[in-house]
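*Asks:* Residue numbers (this note's numbering): 5 to 99.
My structure is below; once you've seen it, I'll send some questions.
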């Protein structure tokens with residue numbers, strides 16, 4: 005059964021927005037790692053905004069791609085230890 009593009013796009017948009025709310029910077033802001041965390045967060049937010057723009061203009065394919073890229077940036081930051089996330093969250097693979 006093929007994936008439902010509309011449902012998947014909406015789900016990934018919600019997932020990225022929720023992930024941005026849950027992730028908090030875990031490194032000192034005045035360090036190079038702090039700079040990296042800020043840049044990663046900015047990229048994730050930008051991709052979320054781009055995805056919403058594409059979604060509003062009837063382009064779910066590019067919206068899904070944007071949401072996925074943004075989530076990938078944030079997930080990489082979590083895995084590198086730049087961000088903390090609540091225990092038991094279903095949004096990140098932390099182990």
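Heads up, the beta-carbon is just placed ideally off N, CA and C, and yes, glycines get one too.
What number of angstroms, rounded off, separates the C-alpha of residue 92 from the C-alpha of residue 22?
*Replies:* 14 angstroms
*Asks:* Rounded to the nearest angstrom, what separates residue 52 and residue 70 at their Cα positions?
*Replies:* 7 angstroms
*Asks:* When the distance is taken between beta carbons, is residue 26 closer than 7 angstroms to residue 89?
*Replies:* Yes, Cβ-Cβ distance for residue 89 and residue 26 is below 7 angstroms.
*Asks:* Rounded to whole angstroms, what's the CA-CA distance from residue 50 to residue 96? Just pull it up for me.
*Replies:* 19 angstroms
*Asks:* Within its chain, find whatever has a CB closer than 6 angstroms to the CB of residue 36; leave out the 5 residues flanking it on each side and keep chain order.
*Replies:* none
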